[in-house]
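A.B. asks: One structure follows; several queries about it will come next.
In my numbering, the protein residues as written are 17 to 594.
This is how it looks when you write it as structure tokens:
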């Protein structure tokens, strides 16, 4: 007798092959039969009319702190994720001395917009070294599997102290000590090493985060640890990741190619379309493909939708916040504040107040109404130019500021507007369509657990299924088998997790049962459920009937079942014997 059988679903197996109807049998947390399965099981799931996919493997999250207090890792659990990798972009919480904890918290808060008060209250510091951090996470019972990377920022601070935090050059002795820590972390089960080189990642002081200007001797000295061990990935946010230095972005490819070829390990870097040079992404993809002939494995990591911030009364940012009349209402309860903002005389006062924007972002937004779009009750992440605030204003004969003000009062003050910063230079998702099809591109950058005040992209998996497979009307769609492959076997294999990502005998029974007709995103909302009442944006989904981790149902109709079979994954995992 099997433990569980998923009966009669449309199996999208993660390989890229065409979907087929069939059953999936599970015993002892593993898939044991696929196709027409005879016999009985202790539990059966009726999947007729539903899709059955492998659980999604999200390789770019920032749950380094949240994993210590949230067993379910929301919001990712609502979007079919069954394995989450954190420790990206060089930020994390180990190694750390007691007197450095506050610095690493402030670094995570500044770089990834996770409230420092939540991290300070939520994290129970049971570690100093990276292996001790792994042991602490390894004791946790979770709703999904997790895996970690060794973060450069923490390593540099631990070894070099203030010199490391202030980006002084590392000495040969510093590099040797850092390499020992990276080796210890890899041997404790880390899946790779991460760093950041973009000046957009700043510490609380405003200075670039540790490692931003690391020289090649440091980068190669730490990367060689992966080569010596024959395992692990080198992940980074490169120079120019946000379009701040397009020349530097091109130059980054040179050392990344040489590093990968020398150590024989993959290098994965963040890549998004940037307004400063809207075709740069295509050149970087071409260069990554050419690097294959040099023995290099360079994988640009991209996002499946526009990357940008959400503007509204709930979020951390909107351009009316600095106007005196608005500031006077800020301390009111939300509903009362919205009621006052709806009063004609208050509206007139705020719109009449002129502000000299010292904040570059506010100045940018107020000069870019053509890039500001009401998200809508059914979130639309590929809006047309005429749907922008500028387009609405022109059509209705109003000022853009009036349109923005009134839009923000929609849905009882909970209306959000999307301001795409990256991946939307063309005003559509056609470049993303090309990226997803490219053989070197990998899907990531959802940043689960991060950017709590203005961004909510941990829902990308659901967007891929609803928008790209079913709803897109401004260009070609994507076949469900390709979308699922990109979120399962492709991401799993890049990180050496070859025991998951496919529906085939011997593989982990991490599964989703999804209604492809109804799967979709709900409107993002601000909640205050982090430790110390910290705020964060979340986004729920419809259409996920079941999510299984290690053969146990962890989510049913979007709600946790109470089962916590997820664990820390230590090191690369071999594929089942064929």
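Even for Gly, the Cβ is constructed at its ideal location relative to N, Cα and C. None of the values given here were measured: they were computed from a predicted structure.
Residue 326 and residue 471: beta carbons closer than 8 Å?
C.D. replies: As a first step, residue 326 is located in the chain shown; it is residue number 310 there, counting from the start. As a first step, residue 471 is located in the chain shown; it is residue number 455 there, counting from the start. Against a cut-off of 8 Å, the Cβ pair of residue 471 and residue 326 comes out as a contact.
A.B. asks: Pick from 507, 567, 554: whose alpha carbon is nearest that of residue 524?
C.D. replies: Taking the chain shown and counting its residues from 1, one reaches residue 524 at position 508. Out of 507, 567, 554, 567 has the C-alpha closest to the C-alpha of residue 524.
A.B. asks: Can you find the residues in the same chain that come closer than 6 Å, C-beta to C-beta, to residue 142, ignoring five residues on each side of it along the sequence?
C.D. replies: Your numbering for residue 142 matches position 126 in the chain shown. Contacts found: 152.
A.B. asks: Just grab the DSSP bridge partners of residue 132 for me.
C.D. replies: As a working mapping, residue 132 is identified with position 116 in the chain shown. BP columns for residue 132 are empty, so no partner.
A.B. asks: Along the chain, where does the beta strand (DSSP E) containing residue 509 start, and where does it finish?
C.D. replies: In the chain shown, counting from the first residue as 1, residue 509 sits at position 493. Counting along the chain, residue 509 falls outside any beta strand (DSSP E), though it belongs to the alpha helix (DSSP H) covering 505-510.
A.B. asks: Can residue 449 and residue 492 be called in contact, C-beta distance under 8 Å?
C.D. replies: For the purposes of this step, residue 449 is taken as the residue at position 433 of the chain shown. For the purposes of this step, residue 492 is taken as the residue at position 476 of the chain shown. It is a contact, given that the beta carbons lie within the stated cut-off.
A.B. asks: What's the C-alpha gap between residue 261 and residue 106?
C.D. replies: As a first step, residue 261 must be located in the chain shown, where it is residue number 245. As a first step, residue 106 must be located in the chain shown, where it is residue number 90. Distance between the alpha carbons of residue 261 and residue 106 is about 19 Å.
A.B. asks: Are the CB atoms of residue 429 and residue 354 within a distance shorter than 8 Å?
C.D. replies: If you number the chain shown from 1, residue 354 lands on position 338. If you number the chain shown from 1, residue 429 lands on position 413. Going by C-beta atoms, residue 354 is nearer than 8 Å to residue 429.
A.B. asks: At the level of alpha carbons, what is the spacing between residue 159 and residue 72?
C.D. replies: Residue 159 sits at position 143 when you count from the first residue of the chain shown. Residue 72 sits at position 56 when you count from the first residue of the chain shown. So the two alpha carbons sit approximately 13 Å from each other.
A.B. asks: Whose C-beta lies closer than 6 Å to the C-beta of residue 505 among residues of the same chain, with five residues either side of it excluded?
C.D. replies: Position 489 of the chain shown, counted from the start, is the residue given in the question as residue 505. Cβ neighbours of residue 505 beyond the five flanking positions: 30, 517, 518.
A.B. asks: Measuring straight from C-alpha to C-alpha, what distance separates residue 171 and residue 210?
C.D. replies: Here residue 171 is taken as the residue at index 155 of the chain shown, counted from 1. Here residue 210 is taken as the residue at index 194 of the chain shown, counted from 1. Using only the alpha carbons, I get a separation of about 10 Å.
A.B. asks: With distances taken from CA atoms, which of 212, 245, 342 is nearest residue 231?
C.D. replies: Reading the chain shown from its first residue, position 215 is the one you call residue 231. It is 212.
A.B. asks: Count the CB pairs spanning the segment 432-446 and the segment 265-284 that are closer than 8 Å, and state whether there are at least three.
C.D. replies: Verdict: no, contact absent.
A.B. asks: Check the C-beta distance from residue 18 over to residue 57 and give it rounded, since I have them as a contact under 8 Å.
C.D. replies: In the chain shown, counting from the first residue as 1, residue 18 sits at position 2. In the chain shown, counting from the first residue as 1, residue 57 sits at position 41. The pair is a contact, with the Cβ atoms about 4 Å apart (cut-off 8 Å).
A.B. asks: Take residue 90 and list the residues in its own chain whose beta-carbon comes closer than 7 Å to its own, dropping the five residues that flank it on each side.
C.D. replies: Counting from one through the chain shown, the residue named residue 90 turns up at place 74. Closer than 7 Å at the Cβ level, and outside the excluded window around residue 90, lie 554.
A.B. asks: Starting from the C-beta of residue 558, find all residues in its chain whose C-beta is less than 6 Å away, skip the five residues before and the five after it, and write them out in chain order.
C.D. replies: For the purposes of this step, residue 558 is taken as the residue at position 542 of the chain shown. Excluding sequence neighbours, residue 558 sits near 534, 536.
A.B. asks: Starting from the Cα of residue 149, find the closest Cα among 401, 42, 380, 84 and give me that residue.
C.D. replies: As a first step, residue 149 must be located in the chain shown, where it is residue number 133. Nearest of 401, 42, 380, 84 to residue 149, Cα basis: 84.
A.B. asks: Where are the alpha helix (DSSP H) runs, 4 residues long or more, that stay fully inside the segment 360-421, in chain order?
C.D. replies: If we require 4 residues or more, the alpha helix (DSSP H) runs fully inside the segment 360-421 come out as 360-368, 376-382, 405-412.
A.B. asks: Contact check, residue 133 vs residue 183 under 8 Å by CB: the rounded distance?
C.D. replies: The residue labelled residue 133 in the question sits at position 117 within the chain shown. The residue labelled residue 183 in the question sits at position 167 within the chain shown. Not really, about 27 Å apart at Cβ, beyond 8 Å.
A.B. asks: Could you name the residues that DSSP lists as bridge partners for residue 323?
C.D. replies: Along the chain shown, one-based indexing puts residue 323 at 307. Looking at the DSSP assignment, residue 323 forms a beta bridge with 438.
A.B. asks: I'd like the ranges of any alpha helix (DSSP H) spanning at least 4 consecutive residues and lying wholly in the segment 164-205.
C.D. replies: DSSP runs (the alpha helix (DSSP H)) wholly in the segment 164-205: 168-176, 178-181, 188-203.
A.B. asks: Helix, strand or coil for residue 75 per DSSP?
C.D. replies: Within the chain shown, numbered from 1, the residue matching residue 75 stands at position 59. Residue 75 falls in the coil class under three-state DSSP.
A.B. asks: By alpha-carbon positions, which one of 580, 549, 556, 369 ends up nearest to residue 564?
C.D. replies: Here the question's residue 564 lines up with position 548 in the chain shown. Per the Cα distances, 580.
A.B. asks: For residue 305, which of 280, 93, 456, 339 has the nearest alpha-carbon?
C.D. replies: Against the chain shown, residue 305 aligns to sequence position 289. Checking every option, the nearest Cα to that of residue 305 belongs to 456.
A.B. asks: Judging by CA-CA distance, which residue of 101, 95, 543, 62 is the nearest neighbour of residue 80?
C.D. replies: Along the chain shown, one-based indexing puts residue 80 at 64. When only C-alpha atoms are compared, the closest one is 101.
A.B. asks: Can you list, in chain order, the residues of its chain whose CB lies under 7 Å from that of residue 317, leaving out five sequence neighbours each side?
C.D. replies: Counting from one through the chain shown, the residue named residue 317 turns up at place 301. Closer than 7 Å at the Cβ level, and outside the excluded window around residue 317, lie 76, 284, 285, 286, 287, 458, 460, 461.
A.B. asks: Is the beta carbon of residue 202 less than 8 Å from the beta carbon of residue 190?
C.D. replies: In the chain shown, residue 202 corresponds to position 186, counting from 1. In the chain shown, residue 190 corresponds to position 174, counting from 1. No, the Cβ-Cβ distance between residue 202 and residue 190 is not below 8 Å.
A.B. asks: For residue 448, write down the residues that DSSP places opposite it in a beta bridge.
C.D. replies: In the chain shown, the residue the question calls residue 448 occupies position 432. Beta-bridge pairing links residue 448 to no other residue.
A.B. asks: For residue 186, which residues in the same chain have their Cβ closer than 6 Å to its Cβ, ignoring the five residues on either side in sequence?
C.D. replies: Here residue 186 refers to the residue found at position 170 of the chain shown. Cβ neighbours of residue 186 beyond the five flanking positions: 234.
A.B. asks: Out of 344, 387, 357, point me to the one whose CA is closest to residue 291's CA.
C.D. replies: Taking the first residue of the chain shown as 1, we reach residue 291 at position 275. It is 387 whose Cα lies nearest to the Cα of residue 291.
A.B. asks: Once DSSP output is grouped into helix, strand and coil, what is the label at residue 92?
C.D. replies: As a working note, residue 92 is residue 76 in the chain shown. In this structure, residue 92 counts as helix in the three-state DSSP scheme.
A.B. asks: What three-state label does DSSP hand residue 26 in the structure shown?
C.D. replies: Position 10 of the chain shown, counted from the start, is the residue given in the question as residue 26. Three-state DSSP puts residue 26 in a strand.
A.B. asks: Looking at C-alpha atoms only, which residue of 418, 25, 499 is the closest neighbour of residue 61?
C.D. replies: Against the chain shown, residue 61 aligns to sequence position 45. Residue 25 is the option with its Cα nearest to residue 61.
A.B. asks: In the DSSP assignment, the alpha helix (DSSP H) including residue 476 goes from what residue to what residue?
C.D. replies: Counting from one through the chain shown, the residue named residue 476 turns up at place 460. Its alpha helix (DSSP H) spans residues 476-479.
A.B. asks: Tell me whether residue 39 is buried or exposed, calling it buried when 16 or more other Cβ atoms sit within 10 Å of its Cβ.
C.D. replies: Residue numbering aside, residue 39 sits at position 23 when the chain shown is read from its first letter. Result: buried.
A.B. asks: Going along the chain, which residues of its own chain have a beta-carbon closer than 7 Å to the beta-carbon of residue 395, five neighbours each way excluded?
C.D. replies: Indexing the chain shown from 1 puts residue 395 at position 379. Excluding residues within five positions, the ones whose Cβ falls inside 7 Å are 537, 539.
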